[in-house]
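Residue numbers (the numbering used here): 1429 to 1518. Written below as C-alpha cells is the structure these notes are about.
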C-alpha cells in the first residue's frame, strides 16, 4: 500500500513538472488551430507524461491485484494482539 501511495504522489508531482514547460506552446498551438493555421511548434514531447502516468497506474493496478508482498492481516476489533490463554490450576 505504501508503494502505491509513493507512486501516486510521485506521479502527481512529475506530471505537473513535466507538463509545465510545454503549456505555453500548447496555448500557442491552440490559438493557431483555432485560427485555421498549422501549429508552428512540435507538441510530440507532450505524449510522454500521459504515457508515464498510464504506465504507473497500470503498475499500481497490478500491485493491487497480484499483491507480491502478501495480504495485510487485520485484527478484529476488541481482540488484543496477543490473547493470553487462561491458565487452569492443577
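Backbone N, C-alpha and C fix where the C-beta goes; we use that ideal spot for every residue, glycine too. As the structure is a prediction and not an experimental result, all values here were calculated from the model.
Cβ atoms of residue 1446 and residue 1477 come within 8 Å of each other, at about 4 Å.
Contact annotation: residue 1474 and residue 1455 have beta-carbon atoms that are not nearer than 8 Å.
The C-beta distance from residue 1471 to residue 1457 rounds to 6 Å, short enough to fall under 8 Å. Inter-residue distance for residue 1442 and residue 1433 is about 14 Å (C-alpha atoms, whole angstroms). According to the DSSP assignment, residue 1453 belongs to the alpha helix (DSSP H) that extends over 1451-1462.
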